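Student: I'd like to ask some things about the structure below.
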Amino acid sequence: MRTPAKRQKVEAEPAVVAEYEIRDGYRYVKPYVFKFMAHAKQRWFNRTLMDVFTTEFGAFSPDYYVMAIESGRITLNGARTTPETVLKNGDLICHMTHRHEPPVVGDDIPVVYETPDLVVVSKPSTVPTHPCGAYRHNSLHFIVLASRPDLTALHIVHRLDRLTSGVVVLAKTTAKARELSKCIADRTASKAYLARVRGEYPETLTPEWLASASATAAATTPLAVLSMESPTQLRIQCPLACKSHKDGVWGCAVPGEDAKEAETVVEFRCAMDDGTSVVYVKPVTGRTHQIRLHLQLLGLPIANDPCYGGQLHFGRHDLLATEDNSVIKDKDDDTAYFTPRLDGESDDAFMQRTCTRCQTVQVNRNHLHCSCIWLHALEYKLAGDTFAVPPPAWATPKSSSSSAL
5 MRTPAKRQKV EAEPAVVAEY EIRDGYRYVK PYVFKFMAHA KQRWFNRTLM DVFTTEFGAF
65 SPDYYVMAIE SGRITLNGAR TTPETVLKNG DLICHMTHRH EPPVVGDDIP VVYETPDLVV
125 VSKPSTVPTH PCGAYRHNSL HFIVLASRPD LTALHIVHRL DRLTSGVVVL AKTTAKAREL
185 SKCIADRTAS KAYLARVRGE YPETLTPEWL ASASATAAAT TPLAVLSMES PTQLRIQCPL
245 ACKSHKDGVW GCAVPGEDAK EAETVVEFRC AMDDGTSVVY VKPVTGRTHQ IRLHLQLLGL
305 PIANDPCYGG QLHFGRHDLL ATEDNSVIKD KDDDTAYFTP RLDGESDDAF MQRTCTRCQT
365 VQVNRNHLHC SCIWLHALEY KLAGDTFAVP PPAWATPKSS SSSAL
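In the working numbering, the protein residues as written are 5 to 409.
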């Protein structure tokens with residue numbers, strides 16, 4: 005039997021130390037050189053390097069990929085190559101980029117509880133829990149590590165959507181991470197949220213209100229079932245289905261659709277002066293966007309959630325109302341693409357000098373087009389403990405005549 009060729013080891017790149025800047029209330033990361041590295045996948049075998057990049061990685065134009073390969077931004081097995089090179093088993097591809105991360109809110113991330121093996125923080129909205137997409141150093145994981153040099157490692161055991169604020173539990177050790185992950189997998193953990201919805205949610209439920217809400221839900225969602233657990237508790241049962249894997253869009257399922265059961269309990273908390281209401285929400289199941297969808301089917305969507313029935317920037321802070329569409333153009337994009345590397349020029353100097361994003365666009369606040377929704381993870385019961393964070397400012401009534409939280 006033939007012994008398979010040993011796969012080349014991927015050498016770890018030196019860790020990039022992020023340089024943060026807080027400006028106008030936002031946290032920015034100074035652009036930095038980042039190398040994406042991957043071994044050739046089986047479906048790439050016997051295809052040209054150019055074919056693979058243009059068909060599977062649509063973030064850049066074909067002209068860019070030609071330039072990147074010819075200038076050495078894209079290398080094969082540690083050496084420069086050509087666009088027509090045919091890939092084979094064991095090939096290691098490296099794509100060097102100048103990474104620009106989107107800004108996030110510059111609020112401090114308070115630690116609300118800590119033990120030798122875990123740390124509990126209150127995550128602000130706009131900050132993703134873990135590195136994903138365009139976010140790396142502007143993720144909760146990296147921001148906490150940067151602010152706490154004494155922490156050698158942190159393990160993500162659960163996630164909170166980027167637009168959602170609230171409690172996040174991080175493990176300091178692999179053993180604690182395994183313990184907490186098992187609790188979540190065994191479904192012994194539970195969460196509670198606050199949400200601010202558009203419309204008046206009743207302090208006490210009545211059969212008449214339930215009938216009206218059920219009719220509203222049934223008009224668009226025939227599988228929805230609403231029931232009163234008590235005069236103050238509403239139970240929503242409605243299966244959810246992924247409507248677009250590409251765009252990450254979920255929705256309430258229709259008959260015959262591949263779906264997962266979802267269940268949420270809702271209680272009144274307080275009325276606000278602007279016609280919105282704050283509700284206390286406990287998801288019995290943990291489906292993607294479950295709370296947002298279940299509140300929407302009631303006809304009471306999260307007030308500033310544009311994806312699920314709310315209004316973009318409903319009652320937003322003045323800071324987010326300012327839009328800066330300025331674009332600074334110093335050189336033609338194609339000129340920057342094909343600028344050759346100077347002898348002895350470092351990766352950082354070369355990428356900064358030729359980066360089209362550095363030369364043409366300053367990050368503007370439109371990147372935060374939906375920077376926050378009024379959904380806050382208030383508490384998390386996990387492994388026999390209850391971890392809680394304070395409610396956000398948007399959940400506190402401004403008028404003394406409003407009901408208290």
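C-beta: ideal position from N, C-alpha, C; glycine also. On a predicted model such as this, the values are computed, not experimentally measured, just so you know.
Beta carbon of residue 270, beta carbon of residue 240: below 8 Å?
Tutor: In contact: residue 270 and residue 240 (Cβ atoms closer than 8 Å).
Student: I'd like the span of the beta strand (DSSP E) that includes residue 414, first residue to last.
Tutor: Past the boundaries of the shown model lies residue 414; the chain is included only from 5 to 409, so the question cannot be answered.
Student: Name the DSSP beta bridge partners of residue 389, please?
Tutor: Looking at the DSSP assignment, residue 389 forms a beta bridge with 386.
Student: What would DSSP say about residue 63, mapped onto helix, strand or coil?
Tutor: In the structure shown, residue 63 sits in coil (DSSP, three-state: anything other than H, G, I, E or B).
Student: Specify the secondary structure class of residue 36 as computed by DSSP and reduced to three states.
Tutor: Of the three classes helix, strand and coil, the one that applies to residue 36 here is strand, per DSSP.
Student: Let's test the definition: count the other Cβ atoms within 10 Å of the Cβ of residue 127 and tell me whether it reaches 16, buried, or not, exposed.
Tutor: Residue 127 comes out buried.
Student: Is the beta carbon of residue 204 less than 8 Å from the beta carbon of residue 255?
Tutor: Contact: no.
Student: Looking at the strands, I want to know which residues DSSP matches up with residue 136.
Tutor: Answer by DSSP bridge pairing, in chain order: 139.
Student: Where DSSP assigns a beta bridge to residue 254, which residues make up the other side?
Tutor: In the DSSP output, where bridge partners are listed per residue, residue 254 has 246.
Student: Given a threshold of 16 other Cβ atoms within 10 Å of its Cβ, counted over all protein chains shown, does residue 373 qualify as buried or as exposed?
Tutor: Model confidence at residue 373 stands at a pLDDT of 49, short of 50, so the residue's coordinates are unreliable; what they give is reported in the following sentence. Residue 373 comes out exposed.
Student: Report the CB separation of residue 188 from residue 174 in whole angstroms; it is logged as a contact under 8 Å.
Tutor: Not a contact, Cβ separation roughly 14 Å.
Student: Can you have a look at residue 131 and say buried or exposed, based on whether 16 or more other CB atoms are within 10 angstroms of its CB?
Tutor: Buried, since its Cβ has 16 or more Cβ neighbours within 10 Å.
Student: Bridge partners for residue 274 per DSSP, in chain order?
Tutor: Looking at the DSSP assignment, residue 274 forms a beta bridge with 282.
Student: Residue 154: which of 176, 56, 170, 169 sits nearest, CA to CA?
Tutor: Of 176, 56, 170, 169, the residue nearest in Cα terms is 176.
Student: How big is the Cα-Cα spacing for residue 71 and residue 65?
Tutor: Computed Cα separation, rounded: 10 Å.
Student: Considering only the alpha carbon of each residue, which of 25, 229, 92, 63 lies closest to residue 50?
Tutor: The shortest C-alpha separation from residue 50 is found at 92.
Student: Hey, how far is the Cα of residue 218 from the Cα of residue 235?
Tutor: Each residue's alpha carbon lies about 16 Å from the other.
Student: Okay, do the region 297 to 305 and the region 380 to 397 touch, 3+ Cβ pairs below 8 Å being the bar?
Tutor: Counting Cβ pairs under 8 Å, fewer than three are found: no touch.
Student: Comparing C-alpha positions only, which one of 86, 272, 185 sits nearest to residue 201?
Tutor: Ranking the options by Cα distance to residue 201, first place goes to 272.
Student: Quick one: what does DSSP say residue 24 is sitting in, helix, strand or coil?
Tutor: Strand at residue 24.
Student: What is the rounded straight-line gap between the Cα of residue 144 and the Cα of residue 281?
Tutor: Residue 144 and residue 281: Cα-Cα distance of roughly 29 Å.
Student: Please classify residue 34 as buried or exposed, where buried requires at least 16 other C-beta atoms within 10 Å of its C-beta.
Tutor: Exposed, because fewer than 16 other Cβ atoms sit within 10 Å of the Cβ of residue 34.
Student: Excluding the five sequence neighbours on either side, which residues of its own chain have a C-beta within less than 6 Å of the C-beta of residue 336, listed in chain order?
Tutor: Because the pLDDT of residue 336 is 43, which lies under 50, any placement of that residue in the model is unreliable, and the number read from its coordinates should be weighed accordingly. Same-chain partners within the cutoff: there are none.
Student: Where does residue 185 sit, in a helix, a strand or coil, going by DSSP?
Tutor: Helix.
Student: Whose CA, out of 39, 28, 26, 84, lies closest to the CA of residue 53?
Tutor: When only C-alpha atoms are compared, the closest one is 84.
Student: Would you tell me roughly how many angstroms separate the C-alpha atoms of residue 182 and residue 134, rounded to the nearest one?
Tutor: Those two C-alpha atoms are separated by around 17 Å.
Student: According to the Cβ coordinates, are residue 45 and residue 99 closer than 8 Å?
Tutor: Going by C-beta atoms, residue 45 is not nearer than 8 Å to residue 99.
Student: Which residue comes first and which comes last in the alpha helix (DSSP H) that contains residue 151?
Tutor: Start and end: 144 to 151.
Student: What span of residues does the alpha helix (DSSP H) with residue 221 cover, start to end?
Tutor: Element bounds for residue 221: 211 to 224.
Student: Can you tell me whether DSSP reads residue 292 as helix, strand or coil?
Tutor: It is coil, neither helix nor strand.
Student: Assign residue 195 to buried or exposed, taking buried as 16 or more other Cβ atoms, counted over all protein chains shown, within 10 Å of its Cβ.
Tutor: The residue in question, residue 195, is buried, as its Cβ has 16 or more Cβ neighbours within 10 Å.
Student: Could you say which of 22, 29, 36, 27 lies nearest to residue 356 if we only look at CA atoms?
Tutor: For residue 356, the nearest C-alpha among the options comes from 36.
Student: Considering just the uninterrupted stretch of the alpha helix (DSSP H) at residue 358, what are its terminal residues?
Tutor: Where residue 358 is concerned, the enclosing alpha helix (DSSP H) stretches over 351 to 358.
Student: What are the boundary residues of the beta strand (DSSP E) that residue 171 is part of?
Tutor: 169 to 175 is the extent of the beta strand (DSSP E) around residue 171.
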